[in-house]
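Quick note: the sequence shown uses my numbering, first residue 42, plus one each step. Every residue gets a Cβ at the ideal spot worked out from N, C-alpha and C, and that includes glycine. Input: a single structure, listed below in structure tokens.
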Amino acid sequence: MITPRLTRLFRVPTLAAFRTTLADWITALLPHDARDTFVLVPTQAAAEQLRRTVEAHLAATGRTAIVWPILGTRRDLYDELAARMRQPVARLNAFEREVILAGVSRDLCHGGVTPPFELRPGLVAEMLALYDHIRRLGRGIEDFERNFREELEREQETDRGAAKLLQQTLFLAAAYRAYEQRVAASGRLDEHGLRKALEEDAARPLRRVIVTVADRIAEAEGLWPADYNVLTMLPRLDALDFLCTESVLAAGLLERLYAALPEISEERGVVSTRGLPTLVTRPATKVADAPPIAAAYRDREDELVAAARRIKTEQRSQSLPLDRYALVVRRPLPYLYLARDVFADAGIPFETLDTLPLAAEPYAAAIDLVLDAAATDFTRASLLGLLRSPHFGLRAQAETSELESSIGALDFALADERYLGGLDRLEQLVVRWSAIEAPTTRVERRQKTAVTAARIVLNAARQIAPLALSRPLSQQIATLLGWLRTFDAPPRETDSTASRRARVRAAVVGALSALSDAHRRHDPAAHADVVTFTAAIRRWLGSQTFASFTGSPGLQIVEAQAAKYGEFDDIQVVGLIEGEWPERVRRNVLYPSSLLSLLEPLPAIADPSRRERDALNGARAAFKDLLLSAHQRVRLSTFALENDAVVEPSILLDDVGSFGLPRAVAEDARARVSYSEALAIEPREIGQLPTSMAAWAAARISGTARDPADFQGRAGAWVLPRVSVSRLERYLDCPFRFYASEVLRLEEQPEDEDARTPLERGLFLHNLWERFFSEWQRRGHGRVTPDALPEARALFEQLCETALATLTPAEASLERARLLGSAVNPGIAHRVFAMEADRPVRIIERLLEFPLQGDFTFRTRDGLSRLVPLSAKADRIDLLEDGTIRVIDYKSKNTPDLKRALQLPIYSMCARDKLAGRGGRNWSLSEPLYLSFEGERAVVPFRVKGRTIDELLDEAQDRLLQTLDDIASGAFPARPSKKSLCGPCSYRTVCRLEIVEADEGDAT
Ligand code: SF4
42 MITPRLTRLF RVPTLAAFRT TLADWITALL PHDARDTFVL VPTQAAAEQL RRTVEAHLAA
102 TGRTAIVWPI LGTRRDLYDE LAARMRQPVA RLNAFEREVI LAGVSRDLCH GGVTPPFELR
162 PGLVAEMLAL YDHIRRLGRG IEDFERNFRE ELEREQETDR GAAKLLQQTL FLAAAYRAYE
222 QRVAASGRLD EHGLRKALEE DAARPLRRVI VTVADRIAEA EGLWPADYNV LTMLPRLDAL
282 DFLCTESVLA AGLLERLYAA LPEISEERGV VSTRGLPTLV TRPATKVADA PPIAAAYRDR
342 EDELVAAARR IKTEQRSQSL PLDRYALVVR RPLPYLYLAR DVFADAGIPF ETLDTLPLAA
402 EPYAAAIDLV LDAAATDFTR ASLLGLLRSP HFGLRAQAET SELESSIGAL DFALADERYL
462 GGLDRLEQLV VRWSAIEAPT TRVERRQKTA VTAARIVLNA ARQIAPLALS RPLSQQIATL
522 LGWLRTFDAP PRETDSTASR RARVRAAVVG ALSALSDAHR RHDPAAHADV VTFTAAIRRW
582 LGSQTFASFT GSPGLQIVEA QAAKYGEFDD IQVVGLIEGE WPERVRRNVL YPSSLLSLLE
642 PLPAIADPSR RERDALNGAR AAFKDLLLSA HQRVRLSTFA LENDAVVEPS ILLDDVGSFG
702 LPRAVAEDAR ARVSYSEALA IEPREIGQLP TSMAAWAAAR ISGTARDPAD FQGRAGAWVL
762 PRVSVSRLER YLDCPFRFYA SEVLRLEEQP EDEDARTPLE RGLFLHNLWE RFFSEWQRRG
822 HGRVTPDALP EARALFEQLC ETALATLTPA EASLERARLL GSAVNPGIAH RVFAMEADRP
882 VRIIERLLEF PLQGDFTFRT RDGLSRLVPL SAKADRIDLL EDGTIRVIDY KSKNTPDLKR
942 ALQLPIYSMC ARDKLAGRGG RNWSLSEPLY LSFEGERAVV PFRVKGRTID ELLDEAQDRL
1002 LQTLDDIASG AFPARPSKKS LCGPCSYRTV CRLEIVEADE GDAT
């Protein structure tokens, strides 16, 4: 039944006239008309901007109240029409539709009809998007199959890609038919079924629909051919009014509107008398140049900082309310995240009404922690992630301070145990650690502390362990939802984000519940293991949005689509780069646009290049409208770097010169505007800070008389409890690292190791060589001469096998190859024996793990002497027949820089003193040397060209005493002996190396 109706196009010259026309229409509606009038806008944010514009219009005319029409998006229009039907209709939600399509596609695959791609959640979503595309163009599946098949069958002889696309087409056509049958059988309607039903049903009709959006060619949220059809077929609709600006119509929309709605009549909307805004630009960098159209910044943050500086400066001298300023963005992210920091620091309140991706919210991201824990079989990192997440209430199950230390201890205890995952293993550890009553070692103390956190996380992990199995998807979701309910973190009283988190949580739980219902109802057979389940959840959360309505009334951060509904005096369009203005068109992943063109109902835009040209012209027209819509002034800005990659300015900037805007030139504001600038630039202005910050800043500033050294590593006098030369070498590597590990006793973040740590391996090698040489000497041997090599090797192999029996089979086999060598590597044994064989002087005695305990006298080159108590052990000292001693330091791999080394020269001196008189002889030093088991050079003598050994020992004594003095004075600057130490260093985030280096740079 087609009802006679008015289909009118109202043409307006500008967005100002567009808004005035809309406000006039809305405020003129009688109450009973308003309830049956729908104003179609692109987004909810646009609806809110329009509401504010109309309220301002009302206030200006002295009226206080109206009955509002329905303001909504295209989707809201369908919801409203469905709600007005005589017979209430059950609708399929997006979850159900995708689940149905996934189910029928899987059944087809099982029946032998396969696509040329693997069915994944993301691809099912693309299939559904293509189905909607076909149906919204007003086409059926027969049209799709016939058109594509004919085209592809023609090409498949010559094009292998066409054969694949043909297979894909046959599969998709079969899947879409099966989907439609399944939908029909469900008794529910999707968008396309609803359109059909609406043609006959008009219980409570809409009387008037005001369309303020363009079509889908010119605008992402615009109308499709099927939407025009349904609007023209709606029973008892009296008026269908389109409101458009002249520039958008001229960009191709007018031609397309007449093609879709031949009966449309034209009317003129309000004519605006307001003048053009002024385009404010920066001055040219060179006198001869014209001022640039857009201000260019380094990156988005730089751009926002400049905007904050300008707005705050203007606020000091003008009375323009903040909500009359708009920063227009193409998409809210990432500007919204940057704005939270930049505008908060500048004390500028801001507001945004747009939706954000749900997946970008911290609570939604935390779901990954749960899924990761199950997917990785509960590794140490994933368990710690669950315990430490503020979104989950695992911590609520124990007293806070006890649990904090328990979590820290668990981190190290699991690493010590080489725990690599597995709930059975974790359970065994919990049982073993729970049995420790009176710990006797450091390791046991740590395990006893860790057991509280271990029990809590074991209990939590057990409840999500079933996720690792392949189970029905509805069961997987039920397990996840149950866990999220059980372990939800109670909101903290001080948490300012509690209400936002609660809304995000409700949205996540709602999405998961809807997905679960959809599977239970339409595809109970669908199974998923944790990997497939994780992919499905990520896809779903990634496709949901969340109404952020962020901030407090103030500066407006508005998406371009919503900006045309708001009244702003000052507009700055930001982020004008290629790919964003205009937004890059998203390509269909299943078919090239040339094939999709076969479905276009309007011959005029069947050519893909024509569609692209029309889309670009539409974007240009909308951009022009936006710039001209500011009441007073407009600014444009772009930037050069996005994540360190160079980006190009938008091509839309090329058009601005032809808009006829009056120009003004203004320098960027230079005044300090942010709290950080108030503190960082002299003279500091504490008075500009909020009270809480000002008190803290005053306390810091009053301490400016403090010595800068206090900020460069001076920590106050400290007494080294026990002089160990290896610890002093640690100080020389980096004093701050020494401070963190030795003074503060902060342990470095443990690593997950499935093999022995370097320290454990070093001990293994030391012990093995000690056993070998003890036995070698006990058998009456001295030096390992070339003749004795076979016997030495046989003995070593024998001892080696005994030692290797203590390792796991995998480690033993690796270590055997390293020790005894292989066809390509001579092995560690060969290195050690070769060192002995190459040195002809007979060894009288070997002293292994020789203790160097007691007070030793060290002298500086200035003649000062000092007694230092030492507690050390030399790896090996050989007493040689010629009356000399050879001190050997074993190294697993790398040998230290000889100019910084302490251990070998100091041990050599101490050994010489300690051995004086042994065997009735006074021993002199022959050659201190490093024996590296696996380094580039096996033997590294302690020798520096042009220096005698005594000179090197004198230098080492100087170094030793100076290091002791530095430690005692509390000098612990971040000063790595070589930069490569910083890469893997655990204290990187706290040592403030950059600040120290910057200060040193300033000083030079
Ligand atoms: S990162 Fe570098 S400077 Fe900082 S503590 Fe570690 S080694 Fe020292």
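- Distance from the CA atom of V312 to the CA atom of E287, rounded to whole angstroms, is 12 Å.
- For the stretch 836-865, the continuous alpha helix (DSSP H) assignments of 4+ residues that do not extend past its boundaries occur at 850-861, in sequence order.
- D343 and R351 have their alpha carbons spaced roughly 12 Å apart.
- With a contact defined as Cβ atoms closer than 8 Å, A216 and L142 qualify at about 7 Å.
- Relative to the ligand SF4, the beta carbon of F752 is positioned no closer than 8 Å to any heavy atom.
- Fully enclosed alpha helix (DSSP H) runs of no fewer than 4 residues are not present anywhere in the stretch 743-772.
- Short note on P1017: C-beta closer than 8 Å to some heavy atom of the ligand SF4.
- The beta carbon of Y1028 sits closer than 8 Å to at least one heavy atom of the ligand SF4.
- Taking C-alpha positions only, R812 is separated from A957 by approximately 26 Å.
- For R778, the shortest C-beta to heavy atom distance toward the ligand SF4 is below 8 Å.
- Taken from the Cβ of A781, at least one heavy atom of the ligand SF4 lies inside 8 Å.
- Beyond the five residues adjoining it in sequence on each side, R104 comes within less than 8 Å, by CB distance, of T68 in the same chain, given in chain order.
- When distances are taken from the beta-carbon of L773 to the heavy atoms of the ligand SF4, even the shortest one reaches 8 Å or more.
- Boundaries of the beta strand (DSSP E) around A336: A336 to Y338.
- Under the three-pair Cβ rule at 8 Å, the stretch 293-305 counts as touching the stretch 646-662.
- G895 carries a strand assignment under DSSP once its states are collapsed to helix, strand and coil.
- Boundaries of the beta strand (DSSP E) around V675: R674 to F680.
- Runs of alpha helix (DSSP H) with 4 or more residues, each lying fully within the stretch 395-423, are found at 403-416, listed in chain order.
- Residue pairing by DSSP places Y366 opposite D611 in a beta bridge.
- CA-to-CA, the gap between E194 and L239 works out to about 38 Å.
- In this structure, the ligand SF4 has no non-hydrogen atom nearer than 8 Å to the beta-carbon of C150.
- Taking a C-beta distance under 9 Å as the contact criterion, S227 and L99 do not qualify as a contact pair.
- Annotation: the continuous alpha helix (DSSP H) that includes A166 extends over P162 to R177.
- For V80, the enclosing beta strand (DSSP E) starts and ends at T78 to L81.
- Residue pairing by DSSP places Y971 opposite D930 and V981 in a beta bridge.
- Note on S635: under 16 other CB atoms within 10 angstroms of its CB, so exposed under the neighbour-count rule.
- Under DSSP, L47 takes part in a beta bridge, and its partners are A280.
- Looking from the CA of I408, the closest CA among P431, M168, A387 and L374 belongs to P431.
- Assignment of H563 by DSSP, reduced to helix, strand and coil, places it in the helix class.
- Counting C-beta atoms within 10 angstroms of its own C-beta, W737 has fewer than 16 neighbours from the protein chains shown and is therefore classed as exposed.
- In this model, P703 and R711 are separated by some 24 Å (Cα to Cα).
- In this structure, C951 has its beta carbon at no less than 8 Å from each heavy atom of the ligand SF4.
- Look at L1034: its beta carbon is less than 8 Å from one of the heavy atoms in the ligand SF4.
- Minimum Cα-Cα distance from R46 among the listed residues Q504, E304, G803 and P910 corresponds to E304.
- About 20 Å separates the beta carbon of F680 from that of Y366, a gap too long to meet the 8 Å contact definition.
- Residues of the same chain with a CB within less than 7 Å of the CB of Q998, apart from the 5 flanking positions on each side, are F899, R900 and T901 in chain order.
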